[in-house]
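See below for the structure under consideration.
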Amino acid sequence: MGDTVGIVIVSHSRDIAKGTADMVRQMVGSEVKVAFCGGNPDGGLGTSVPSIIDAINDAWSAKGVAILVDLGGAETNSEMAVEMLEPVRRDLVVVCNAPIVEGAVMAATEAAGGSSLAQVRAVAEELSAD
Amino acid sequence: MLDKADGQIFTANVRLVHAVGMHARPAVKLTKLAKKFEAQISVRVAGAADWINAKSVAKIMAMRAAHGSTIEIKASGSDAEAAVAALVDLIATDFPDEAS
Chain A
238 MGDTVGIVIV SHSRDIAKGT ADMVRQMVGS EVKVAFCGGN PDGGLGTSVP SIIDAINDAW
298 SAKGVAILVD LGGAETNSEM AVEMLEPVRR DLVVVCNAPI VEGAVMAATE AAGGSSLAQV
358 RAVAEELSAD
Chain B
232 MLDKADGQIF TANVRLVHAV GMHARPAVKL TKLAKKFEAQ ISVRVAGAAD WINAKSVAKI
292 MAMRAAHGST IEIKASGSDA EAAVAALVDL IATDFPDEAS
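Line by line, the protein sequences are chains A and B. Per our numbering, the first sequence starts with residue 238, numbered consecutively. Per our numbering, the second sequence starts with residue 232, numbered consecutively.
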C-alpha cells in the first residue's frame, strides 16, 4: 500500500506516551509507524524538544507525521520541535488538536488506509469538533 | 460522478455477535476493512434514523451498537458487492485478528 503517515505521541508522562503507543500498535497494527516520547531527562514529568525531534525522525514518512499531545507544554514544545526541522520537512508535520489517546488511535486508523496527512489530521480533530 | 456502477446499491443485514458490541477494537477493524474498498459504504443499527460512513472510525465508535443488535450495511460503487460481503463476514465471524 506504500507509505503511511507516521504518528508521534508526546505526553508529559513516559508511561502515558508508551501506553498510548502500545494501544495504537495493538488496535491498529504495525503498518503505521508510531514513535513516542515523554518525561524529562531526570525521569520526572515533562517534555523536551530534542526528544520530540527524535520521535519525529523515528516516525518519519514521506507522507508526513501527525503529532498527538497531552497538556500545554507538550503542545508548545512540539510546535517548537516542528519549527526546528528543515523547512522542507516542516510543512509535512502537524500537531493535532485532539485528545491524545483517542486521537492517536483514530489518526493511526486513518493513516493505515494510506490517507493524506490532511485527512489523518481531520479525523483526529473530528473528536474535538462536536 | 461518472462511475458506471454507481446506480447499483448492495445491502445486507448481519447480527453483531461480539460480546460487548461495537467497542473500540471492532470499530477500528471495521473501518480499516471498509477503507480497502472504493465503494461508498454506510452502516447503521437496524432501525436507526441515520446512516453512518463505514470509513469514519470516530462515527463507527460513536454508533454504540450493542451485542445482539442487527447491523445494516449498504454500499454503492465499483466494488460494492465485495465490500458488503467482506463486512458481513468480519462482523459475523466476530472480528477475528487479521491473518497478515
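All residues carry an ideal CB built from backbone N, CA and C; glycine is no exception.
(message) Using the three-state DSSP reduction, which class does T262(B) fall into: helix, strand or coil?
(response) DSSP places T262(B) within a helical segment (H, G or I) once states are collapsed to three.
(request) Name the residue from S287(B), V251(B), V259(B) and I283(B) whose alpha carbon lies nearest to the alpha carbon of K305(B). (result) Residue I283(B) is the option with its Cα nearest to K305(B).
(request) Measure the Cβ-Cβ separation of V332(A) and E312(A) and say whether it is below 8 Å. (result) Yes. Within cutoff.
(request) Give the interface partners of L364(A) over in chain E, defined as CB-CB distance under 7 Å, in chain order. (result) Looking for chain E here will not work: the only protein chains present are A and B.
(message) Using only the alpha-carbon positions, how far apart do K235(B) and V247(A) sit?
(response) Below a pLDDT of 50, predicted positions are generally treated as unreliable, and K235(B), at 49, falls in that range; the measurement from the model is reported next regardless. Using only the alpha carbons, I get a separation of about 46 Å.
(message) Assuming D259(A) and S298(A) are in contact, meaning their beta carbons sit under 8 Å apart, how far apart are those beta carbons, in whole angstroms?
(response) Contact doesn't hold; Cβ gap of about 20 Å is too wide.
(message) Quick check on the DSSP output: what are the complete beta strand (DSSP E) runs of length 3 or more inside the region 261-311 of chain A, in order along the chain?
(response) The DSSP assignment places 271-275 and 302-306 as complete runs of the beta strand (DSSP E) inside the region 261-311 of chain A, in order along the chain (cut-off: 3 residues).
(message) I need the straight-line Cα distance from T257(A) to K263(B), nearest angstrom please.
(response) Cα to Cα, T257(A) sits roughly 19 Å from K263(B).
(message) Any C-beta of chain B within less than 9 Å: which residues of the region 327-354 of chain A qualify?
(response) Hits within the stretch, in order: E339, V342, M343, A345, T346, E347, A349, G350, G351 and S352.
(request) Check whether the Cβ of M321(A) lies closer than 8 Å to any Cβ atom in chain B. (result) With 8 Å as the cut-off, M321(A) does not count as an interface residue toward chain B.
(message) What does DSSP give as the partner residue(s) for I244(A) in the beta ladder?
(response) For I244(A), the pairing in a beta bridge is given by DSSP as V271(A) and A303(A).
(message) Less than 6 Å between C-beta atoms, sequence neighbours within five positions excluded: which residues of the same chain meet that for G299(B)?
(response) So the list is empty, once near-sequence residues are dropped.
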